[in-house]
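Take a look at the structure below.
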Amino acid sequence: RLKEIGSKMEKKGMRIHNIHSAFQHLRLGQLKGNHFDIVVRDLRHHSHDSSADLKERISEAMENVETKGFVNYYGLQRFGQGKNVQTDQIGLALVNEKMVKAVKLFFTPEDTDDPVNNAKRYFLQTEDAKGALMMLPEFKVREKMLLRALNRYGVNHEGCTKGWLSIPHSMRIFYVHAYCSKIWNEAASYRLQIYGSKVVEGDLVLEESVEDISLNDKVHVITAPEESANKYSINQVVLPMVGHSIKYPSNKVGQWYHERLSKDELQMCKFRVSSLQLNIPGCYRPILKNVQNLSYFLEGSEKGIEIEDNCLNESKISLHVSFDLDPSCYATVCLREIMKCDF
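In my numbering, the protein residues as written are 30 to 372.
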């Protein structure tokens, strides 16, 4: 089937390579990692950077990320592109079982005049699910599924619950995972702010050498003697993704988690939403990650011509960078560390 659609894919700028039969299908957890080839065009200094040597700056940035790695944040893709409402806000409402609020957040429009946002705006103003359904383009599958259920069951708690159940489980859990990811990102920033790269008592590490036991049994809490002996490095420290089956650090970071969840009215949360068939056990994620097989070169405005030192500041240049990342690591986050900017 893939071979049959290959020509159609090429017309869209995509190619499928190395198609062959296998004895078993792929399963979650088997991914070794991802390879990235990225081009960053029209490179310039930051406005506050007085250095005249752009090539030296690029070399420093590459050496820094290759040597020290980068903070293993979840990327912006996890939170959607919305400016008025992001996916983590919808996830929080779902975890709190505020079904009507979650629906209204989901249909909050952006400040643009187009069929999708006009339909969302109309629904929020009128709660006329049928009318909004007719206004939506066909490709907005998720919105249409939800509106059909709301038209049938009503825009109340029960109706909105059935509305959320009308979309696939993977879509529902996506919003909750977005919220959990936001909390993890904030926790990582807090952990590095108060302790830096020092491994301290109460931090968590995973004992990878221990096999055939549950994930929680692999979690080891750093003791005071281990801190003094510098037994572990910051690259081994993990932070929990919130859920019902995880341990929290037994230091200021653990206290931060509890205060942060209380702020969102989740201090007693079991991270199970039975009405939506959602179960959030949680997991552990390394604070730092390393990039592998990093390579790069600079190219001038004439494609294919590599930049010489004396021509570097005389033309628009592009950075061609290649690297490998472990599963669940974001190339955008790695790039942000290299470029020191958001995009």
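Beta carbons are placed, not taken as given, at the ideal position from N, Cα and C, and that holds for glycine.
Exercise. Might you give, ordered along the chain, the residues of its own chain that have their beta carbon closer than 6 Å to the beta carbon of L323, omitting 5 neighbours on each side?
Key: E95 and F352
Quiz item: Since L233 and V267 are thought to touch, with beta carbons under 8 Å apart, how far apart are those beta carbons, to the nearest angstrom?
Solution: 5 Å
Quiz item: In whole angstroms, what separates the C-alpha of N430 from that of V205?
Solution: The chain is shown only over 30 to 372; residue 430 falls outside these bounds and no answer can be derived.
Self-check item: Closest by C-alpha distance to G231, when choosing among Q59, E237, G111 and S257
Solution: S257
Quiz item: Closer than 9 Å, CB to CB, is F99 near chain D or not?
Solution: Chain labels in this structure do not include chain D; a single protein chain is all it has.
Practice problem: Kindly list the residues whose CB is nearer than 8 Å to the CB of M38, restricted to its own chain and excluding five residues on each side of it in sequence; keep chain order. | Solution: Contacts found: R44 and I45.
Practice problem: Out of W193, S279, L354 and A148, point me to the one whose CA is closest to V229's CA. | Solution: S279
Quiz item: Where E366 and T190 are concerned, what is the direct C-alpha to C-alpha distance, given to the nearest angstrom?
Solution: 40 Å
Quiz item: Below 8 Å, can you find three or more Cβ-Cβ pairs linking the region 98–105 to the region 354–366?
Solution: yes
Self-check item: Residues sharing a beta bridge with K318, DSSP
Solution: F99
Quiz item: How about S274 and G311: are their beta carbons less than 9 Å apart?
Solution: yes
Self-check item: 7 Å CB neighbourhood of A216 in its chain, flanking five on each side removed
Solution: L268, V282, W285 and Y286
Quiz item: Which ranges does the alpha helix (DSSP H) cover as unbroken runs of at least 4 residues, wholly within the region 256–325, from first to last along the chain?
Solution: The qualifying runs are 281–292.
Quiz prompt | D78: first and last residue of the uninterrupted beta strand (DSSP E) it sits in | solution = Looking at the DSSP string, D78 is not in any beta strand (DSSP E), and its letter there is neither H nor E.
Quiz item: Nearest CA to the CA of M164: which residue from S88, R177 and A148?
Solution: A148
Quiz item: Looking at Y359 and Q106, is the spacing between their C-beta atoms short of 9 Å?
Solution: yes
Quiz prompt | Cα-Cα separation between G35 and F300, rounded to whole angstroms | solution = 43 Å
Self-check item: Neighbourhood of G109 by C-beta distance below 7 Å, restricted to the same chain and skipping five residues each side
Solution: Cβ within range, chain order: Q115 and T116.
Self-check item: Pick from I119, T361 and A51 that is closest to M200, judged by C-alpha positions
Solution: I119
Self-check item: Exposure of P356, with buried meaning 16 or more beta-carbon neighbours within 10 Å
Solution: exposed
Quiz item: Can you give the Cα-Cα distance for N180 and E126, rounded to whole angstroms?
Solution: Linking N180 to E126 through their CA atoms gives a straight-line distance of about 20 Å.
Quiz item: Which residues mark the beginning and the end of the alpha helix (DSSP H) in which S390 is found?
Solution: The structure shown has nothing for residue 390, since the chain only spans 30 to 372.
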